[in-house]
Every structure is written in C-alpha cells, then in structure tokens.
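Protein chains in written order, with UniProt numbering: chain A, 1 to 299; chain B, 1 to 311.
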Amino acid sequence: MITKEATEVAPAPAPVTPAAEQRPRRKQRAWDEAPRWQIYVPLSIYLLFTLIPFYWILLFALRRPGSTSLVPWPMTFEHFEKVWNDRDFGVYFQNSVLTGLATLVLTTVVALAGGYALARFDFRIKRGFMIALLCTQFVPGALLLVPLFQIFAELKMINSLASVIIAETVFQLPLSMILISGFIRNVPYSLEEAAWVDGCNRFTAFRIVVLPLLRPGLIAVGSFAFVHAWNHFLFALMFLSDQSKQTIPVGLNTLMSSDSVDLGALAAGGIIAAVPVVIVFAFIQKWLITGFSAGAVKG
Amino acid sequence: MAQAAAVAKAPAPPRRRRASATPRRLPYLLIAPAALLMVGFIAYPVISVFYYSLQNYNPTKPWRNGYAGFDNFVHAFTDDPQFWDTLTFSAQWVFVEVGLQLLFGLALALIVNQTFVGRALGRALVFSPWAVSGVLTSVIWVLLYNSQTGITRYLADVGIGSYGTSWLSDTATVFPAAIVADLWRGVPFFAILILADLQSVSKDLYEAAEVDGASRLKQFWHITLPHLKDAIVLSTLLRAVWEFNNVDLLYTLTNGGPAGETTTLPLYIANTSVDAHNFGYASALTTVAFVILLVCSMVYLRLSKFGGEGK
C-alpha cells in the first residue's frame with residue numbers, strides 16, 4: 001500500500017528527473033541540509049540518557065564492594081565470581097542458552113514451513129488462518145499463565161525447560177510466520193519454477209534457490225526468537241520451580257527481591273544477562289533494518 | 001499453480017506422482033505444526049479462560065466451585081474498586097508510554113536517517129537498549145534510583161528530588177520514574193521500525209518538493225508523515241497491546257507498589273490467580289481485558305483509516 005501511494009504520486013515530478021540525472025548529488029541534498037547542530041545536539045542529549053544507565057550498571061559491577069567512587073577503579077571481578085558461583089548464575093546461564101537456542105531453532109523451522117505455505121499456496125483455510133495469526137497478537141501470554149500451567153502439569157512438563165521452550169515458541173510463532181511469508185513473497189516464484197524445470201523437487205528447489213535469499217530475514221526472525229526467549233521472565237518463573245532449572249531473568253529477580261540487595265552482585269548478574277544479547281544485537285543490526293523494510297511493513 | 005506442476009513433471013518422470021499429489025495436501029502439512037502448537041497452547045487456554053470466567057473456581061476453596069453465571073463479571077464492574085483502579089492505571093500507562101515512545105522514536109529515526117559523521121555508531125548506540133529485557137531494565141533502574149548510591153542521590157546534591165527516599169517508593173514520583181525506565185528501552189523499538197520505513201520513501205518526492213520550494217518542515221508534513229502513516233498506526237497498535245499486556249518491568253521494578261499505585265490490570269489478574277488462587281474471577285477479568293483490547297484496536301484501526309482509503 002505504501003509503495004503504491006509513492007508510485008501514484010511519483011509521476012508528477014517527472015519533468016524534473018532529467019535535471020536530477022545530470023546532477024546526482026542533488027538527490028542526497030534534499031534531506032541532508034539540516035544544520036549539523038540540529039543533528040548532534042539532540043543526538044548527544046539522547047545518547048546521555050541511553051548510555052548513563054549502562055555506565056551505571058558497569059560501575060556497580062566493577063568497583064569494589066562499599067566503594068562510592070564514580071569510576072570503576074580499582075577494578076574488581078569479585079562480584080562476577082560471586083554471582084556466577086555462589087548465586088548459581090553459571091547454571092542459569094546454561095539454562096538460558098539452551099532455552100534461547102531451542103526456541104530459535106523451533107520457531108524458525110516451524111515458521112518457515114508455515115510461512116512458505118502462506119506465501120506460495122492458495123488453500124481453503126488460508127484467510128482464516130491469517131486472521132487467527134493476527135488475533136494471537138492480542139492474546140496476552142501473561143494472562144494465560146494458569147491454563148498453560150495446567151496443560152504443562154498434565155503433560156508432566158512442569159519443571160522442565162521444555163515447557164518454557166514450547167511456550168516461548170508458541171508466542172513467537174505468529175509474528176515470525178507473518179514476517180517469513182512476507183520475505184518469501186519477495187522471492188520471485190519463477191526462480192523456483194526454473195529450478196523445478198532443472199529437475200529439482202519442491203524441497204530441493206526451496207533449499208537451493210529460496211533459502212539463501214531468505215538469510216537476512218531468517219537472521220532477523222531467529223535472533224528475535226532468541227532474544228525474546230532469553231529475556232522473557234514470566235513463563236520461566238511460573239513453570240520452573242527447581243532452582244537448578246531456572247533462567248537468568250528469574251535469577252535476577254531473586255537477587256532483586258531479596259531483603260538486603262547486594263547491588264554489586266545484582267549489577268554483575270545484569271551484565272551477564274546482557275552480554276549475549278548485546279553480541280547478537282551487534283551482529284544482526286544491519287540485517288535488522290533491511291529485514292524489517294523487506295517484510296515487516298508490507299507484512 | 002497447475003501450470004507450474006505440469007512444467008515440473010515433464011523432465012523428471014520418477015517424481016511425477018509426488019509432484020501431482022503434493023500441491024493439494026502440502027500447504028496443510030506445512031502449516032500443521034504451527035497450527036497444532038497454536039491450537040494446543042493458545043486457543044485451548046483461551047477457551048478454558050472463557051469457560052472458567054463463568055465458574056467459581058478456586059483450588060483452595062473447592063467447596064465453593066461450580067457454575068457462577070455472570071457473577072464474576074457483575075462483581076468486577078460493581079463491587080471491585082481495584083478493578084477500576086488498575087484498569088485506569090493501565091490506560092494511563094499505555095497512553096503515556098506509547099505517545100512518548102512514538103514522539104521520541106520518530107524524532108530519533110529522523111535524526112539518524114540523515115547523513116552525518118559517526119552515523120553507524122550513533123545508530124548502534126541509540127538502538128542498543130532495544131534488546132534489553134524488562135527484568136534487566138528493572139535491575140539498571142533500581143541501581144539508578146537507589147536512594148543511597150543511585151544517580152538520584154547526585155541529583156539531590158544539585159537540588160532535584162530529596163535524599164533518603166527512592167523515587168520508586170514514593171507515591172508522588174513512582175509513576176514518572178517507572179515511565180522513564182520503560183521509555184529508555186521502548187523508544188528504540190519505534191526508532192527502528194520508523195527508520196526501516198523511512199528508507200523506502202522515494203527520494204524523487206523530496207527532490208520535487210525542493211524544486212517547488214517547500215521548506216523542510218513542509219516536506220516532513222506532506223511527504224514523510226503520510227508515507228509513514230501505516231507503519232505508525234501498526235506499530236503504535238502493536239506497542240499499545242504489548243505495553244498493556246507486558247508485566248515484566250512493573251512486576252520486577254515496583255511489583256505494583258507502592259500501595260498498589262502502579263498495579264496494571266494484568267498484574268492484578270496475575271496476583272488474583274497466582275497468589276489468591278481465585279482463578280474463576282481472574283478468568284473473568286482476563287475476558288474483560290480481551291474484550292477491551294479487541295474493541296479499542298478495532299476503533300483505532302477504523303479511526304486511523306488503516307491501509308489508506310481503499311487504495
């Protein structure tokens with residue numbers, strides 16, 4: 001819809017384009033004339049707001065216990081050691097990685113299959129299915145805690161990471177599937193058909209021709225699933241009662257709600273929680289925006 | 001589709017049977033895993049919530065369990081001030097959060113869409129809180145708002161706020177304090193989505209406007225904003241639903257306090273079902289929340305004329 005509007009309006013400036021072709025730099029100037037201070041001043045102010053909280057947690061994690069210095073010097077890692085060993089963050093970390101990766105794989109595979117069907121076939125329940133997918137966006141996972149708990153209890157999955165993995169996957173699926181079907185629709189069907197002519201069956205054609213082109217989109221969707229499962233808190237809090245099964249967000253909550261909060265340990269735990277997410281984020285950043293502009297908005 | 005299958009058949013005779021047999025059943029097979037998961041773990045729980053909303057159901061008081069008709073709903077609307085308080089707070093929370101996040105997110109997206117030295121780094125830093133979890137956000141802001149060693153102590157040094165009380169435990173400051181904490185991680189969401197959409201604005205339009213002598217403000221108003229409209233409508237809606245439903249941040253930051261001042265409806269529901277075990281009543285409240293979300297979303301989409309006027 002968006003692109004349509006753009007092209008509908010586009011013919012109007014047609015007489016101007018020849019001039020623009022002679023001077024291609026003009027194209028960039030249109031939005032680039034903002035005085036530099038209009039960029040750097042607000043950006044710097046916002047960056048202060050963004051970065052001071054990060055600095056603050058680093059400060060608490062790295063300075064000595066009892067220190068009130070505003071620079072983390074002399075530096076110490078004792079908070080990290082303490083939280084990793086004494087407060088079981090080593091175990092939580094493992095559980096969180098496992099949950100995140102399993103959710104990533106399960107979500108991507110299931111959403112890829114469903115997304116392909118939505119993108120490439122017309123079938124009777126397709127419209128209803130799409131509407132159902134959109135409706136799930138209004139279903140709050142937090143409000144389904146009790147029935148979900150009952151189901152997992154029935155399946156004997158309480159206190160097993162499988163319950164959390166399934167719950168996270170289920171709530172990630174609809175949006176992932178909508179996004180992926182958008183990505184697949186952007187790949188011309190004729191490419192696949194050409195591969196069939198060359199003797200590939202549907203699956204091989206998909207694997208060889210379509211899958212490589214989906215990479216940016218799949219990276220965006222997969223990392224969403226991972227980050228979401230890594231960060232999410234309520235399912236793990238509800239479904240896992242055994243301390244050796246719990247995940248990092250639950251561990252953080254336990255640290256925070258204890259009577260005398262050890263701020264150094266809390267900060268160190270927070271850093272441990274942030275590291276994988278920051279790595280994923282740094283890695284996917286450039287795919288994120290292209291991935292979104294390719295599929296999300298047109299959805 | 002039929003044509004395509006026919007083309008596929010010719011050069012690969014051994015696959016003929018599969019190629020002709022699959023297209024009919026294949027799409028159903030492909031959506032089956034997703035459909036099964038969603039039926040089992042979303043549809044079924046939703047239906048059971050509707051069912052229990054008409055029941056008295058409390059595992060700790062089994063002698064009172066049974067059909068309740070609309071008693072739960074009547075109780076919520078007529079006899080439960082906490083329901084109204086938490087609903088009002090939820091509305092306030094969603095409205096302020098989404099409004100401010102959109103405003104700052106739009107401004108940020110416009111800024112980092114310009115070409116300037118250090119843009120890549122600027123973008124990365126601006127977006128960085130996006131991936132931070134609600135719990136971690138709480139951890140960070142608990143450290144910042146701590147009355148002895150937090151940044152608010154240093155603010156008190158220069159006369160902002162007072163010593164001794166955390167902003168999170170004072171009823172006068174808890175709302176803005178929580179809002180700021182959630183803004184910190186919420187603004188990048190809008191900035192990322194809007195920036196992605198900004199990339200698809202045709203440069204020719206700006207150029208034409210330039211030639212016609214339109215000011216930058218006018219260009220923003222007449223080109224950028226109409227282009228972004230659908231993305232803004234959709235992202236505000238998704239965000240509003242998300243802000244309404246999400247309990248991670250407030251649960252860990254304030255746990256609804258002080259004195260229930262920051263309890264949202266979902267938080268109240270979670271407490272009613274998990275702590276008080278009053279599952280029948282919690283289900284009724286959940287149903288009410290569903291209906292409110294659904295109606296508000298419909299009205300919003302209708303009012304905003306989402307998708308353009310039948311284009």
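Built from N, CA and C at the ideal position, the CB exists for glycine as well.
Owing to the predicted nature of the structure, the values given are computational and were not obtained by experimental measurement.
Candidates the options, of which the one nearest residue i by Cα
i, options, result
"residue 57/A", "124/A, 270/A and 225/A", "270/A"
"residue 240/B", "144/B, 292/B, 24/B and 43/B", "292/B"
"residue 235/A", "69/A, 173/A and 160/A", "160/A"
"residue 174/A", "239/A, 225/A and 148/A", "225/A"
"residue 87/B", "305/B, 260/B and 273/B", "260/B"
"residue 250/A", "237/A, 257/A, 259/A and 177/A", "237/A"
"residue 244/B", "145/B, 93/B, 136/B and 130/B", "93/B"
"residue 278/B", "201/B, 37/B, 57/B and 46/B", "57/B"
"residue 235/B", "297/B, 151/B, 153/B and 77/B", "297/B"
"residue 99/B", "214/B, 187/B and 197/B", "187/B"
"residue 104/B", "190/B, 157/B, 153/B and 169/B", "190/B"
"residue 147/B", "238/B, 299/B, 195/B and 167/B", "167/B"
"residue 145/B", "161/B, 132/B and 133/B", "161/B"
"residue 102/A", "163/A, 205/A, 260/A and 60/A", "163/A"
"residue 130/A", "272/A, 182/A and 47/A", "182/A"
"residue 30/B", "119/A, 79/A and 46/A", "119/A"
"residue 281/B", "237/B, 34/B, 79/B and 299/B", "79/B"
"residue 154/B", "42/A, 97/A, 68/A and 223/A", "68/A"
"residue 28/B", "123/A, 84/A and 281/A", "123/A"
Exposed unless 16 or more other CB atoms sit within 10 angstroms - verdict on residue i
i, result
"residue 49/B", "buried"
"residue 127/A", "exposed"
"residue 230/B", "buried"
"residue 72/B", "buried"
"residue 110/A", "buried"
"residue 199/B", "exposed"
"residue 279/A", "exposed"
"residue 288/B", "buried"
"residue 39/B", "exposed"
"residue 115/A", "buried"
"residue 305/B", "exposed"
"residue 144/A", "buried"
"residue 232/A", "buried"
"residue 182/B", "buried"
"residue 90/A", "exposed"
"residue 125/A", "exposed"
"residue 78/A", "exposed"
"residue 73/A", "exposed"
"residue 140/A", "buried"
Beta-bridge partners of residue i, as assigned by DSSP
i, result
"residue 67/B", "55/B"
"residue 75/A", "63/A"
Three-state secondary structure assigned by DSSP to residue i
i, result
"residue 302/B", "helix"
"residue 185/A", "helix"
"residue 207/A", "helix"
"residue 63/A", "strand"
"residue 256/A", "helix"
"residue 149/B", "coil"
"residue 266/B", "helix"
"residue 157/A", "coil"
"residue 258/B", "coil"
"residue 93/A", "helix"
"residue 138/A", "coil"
"residue 246/B", "coil"
"residue 90/B", "helix"
"residue 200/A", "coil"
"residue 252/B", "helix"
"residue 70/A", "coil"
"residue 173/A", "helix"
"residue 277/B", "coil"
"residue 85/A", "helix"
"residue 114/A", "helix"
"residue 44/A", "helix"
"residue 100/B", "helix"
"residue 133/B", "coil"
"residue 239/B", "helix"
"residue 35/A", "coil"
"residue 125/A", "coil"
"residue 114/B", "coil"
Heavy atom of the ligand COA within 7 Å of residue i beta-carbon
i, result
"residue 43/B", "For the ligand COA, the structure offers nothing, since it holds no ligand at all."
What alpha helix (DSSP H) runs, 4 residues minimum, are completely inside the segment 17 to 62 of chain B? 44 to 53
For a minimum of 4 consecutive residues, which ranges assigned as the alpha helix (DSSP H) are wholly contained in the segment 155 to 236 of chain B? 174 to 198, 203 to 211 and 216 to 219
Counting only runs of 4+ residues fully inside the segment 222 to 255 of chain A, write out the alpha helix (DSSP H) ranges in chain order. The segment 222 to 255 of chain A contains these whole alpha helix (DSSP H) runs: 234 to 239.
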